[in-house]
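Residue numbers (the working numbering): 256 to 472.
Don't be surprised by glycine CBs; every beta carbon is placed ideally from N, CA and C.
Predicted model only: the values in this text are computed from it and were never measured.
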Ligand code: ADP
Ligand code: AMP
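Written as structure tokens, this is what we have:
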């Protein structure tokens with residue numbers, strides 16, 4: 256199954272992607288995670304992406320698309336994938352469509368996680384991420400047993416630089432200006448499925464799985 260998760264920053268895409276990918280036995284491909292990993296390792300890709308990420312802007316399409324094109328050709332993505340954070344504008348969506356068509360494939364479904372702006376700000380300002388395994392926590396809504404330590408792997412938790420108030424606001428503007436257009440784009444393609452992404456994480460996962468099962472080929 257080939258799935259895209261779409262929704263504003265903080266909607267819970269990464270949180271749901273980790274559970275959905277494991278339920279569906281497909282890899283989760285998060286462009287934000289790949290960029291952050293490259294930034295922390297100081298690679299050329301990381302150096303090209305870093306300033307954009309710190310400002311909350313989109314990394315240029317040519318950089319992002321080249322990275323995703325390589326990733327989608329890896330063995331584990333041949334039977335399906337769950338994309339989290341890509342595409343983020345219409346040119347990226349057009350490129351993805353052409354890329355998949357070239358491999359005789361297409362997206363099955365685009366799952367939109369619907370939450371309002373106030374909830375997004377509450378979620379982003381309390382987000383904590385594990386430096387070792389990448390698991391996402393929330394200081395209030397989904398706290399680990401010890402505040403600075405990941406329950407899953409014992410890694411240290413950190414607050415993302417782009418989860419500060421000013422950058423959060425800018426990322427929400429970028430979402431409204433560029434990414435929200437994808438909602439009508441995929442609705443026109445007939446593959447958009449929106450779910451209410453409020454409420455406890457496991458209830459959102461159940462809702463998402465029930466919705467996705469209707470699209471399975
Ligand atoms: P995104 O990948 O869409 O930016 P995340 O998955 O990183 O969003 O979630 C943002 C924050 O919201 C995280 O701290 C996460 O723990 C928290 N969160 C995710 N889903 C829920 C939920 N259903 N209820 C409350 N908090 C949530
Ligand atoms: P995320 O982890 O999805 O919130 O992404 C964090 C940051 O990585 C974004 O604010 C962008 O700077 C960058 N990024 C992630 N995915 C993309 C993409 N598809 N296109 C451009 N930039 C991206």
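beta-carbon residue 283 near the ligand ADP non-hydrogen atom, thresh 7 Å: no
Opposing strand residues paired with residue 392 [DSSP bridges]: 383
Identity of the residues DSSP links to residue 467 by a beta bridge: In DSSP, residue 467 forms no bridge with anything.
Counterpart residues of residue 450 in DSSP-defined beta bridges: 368
Which listed residue (441, 271, 256) has its alpha carbon closest to that of residue 347: 441
C-alpha distance - residue 454 paired with residue 283, whole-angstrom precision: 22 Å
Sufficient close CB pairs (3 or more, under 8 Å) joining the region 359 to 377 to the region 290 to 301: no
When 379, 364, 399 are compared against residue 371, the one with the closest alpha-carbon: 379
Per-residue burial, residue 280 [other beta carbons within 10 Å of its own, 16 or more giving buried]: exposed
Ranges of the alpha helix (DSSP H) found wholly within the region 292 to 358, counting only runs of at least 4: 299 to 310, 316 to 327, 345 to 357
Near the ligand AMP: residue 319 beta-carbon under 7 Å from a heavy atom: yes
Close Cβ partners of residue 388 (< 8 Å) along its chain, the five nearest in sequence each way excluded: 405, 407, 408, 410
Residue 438 - containing alpha helix (DSSP H), residue span: 436 to 444
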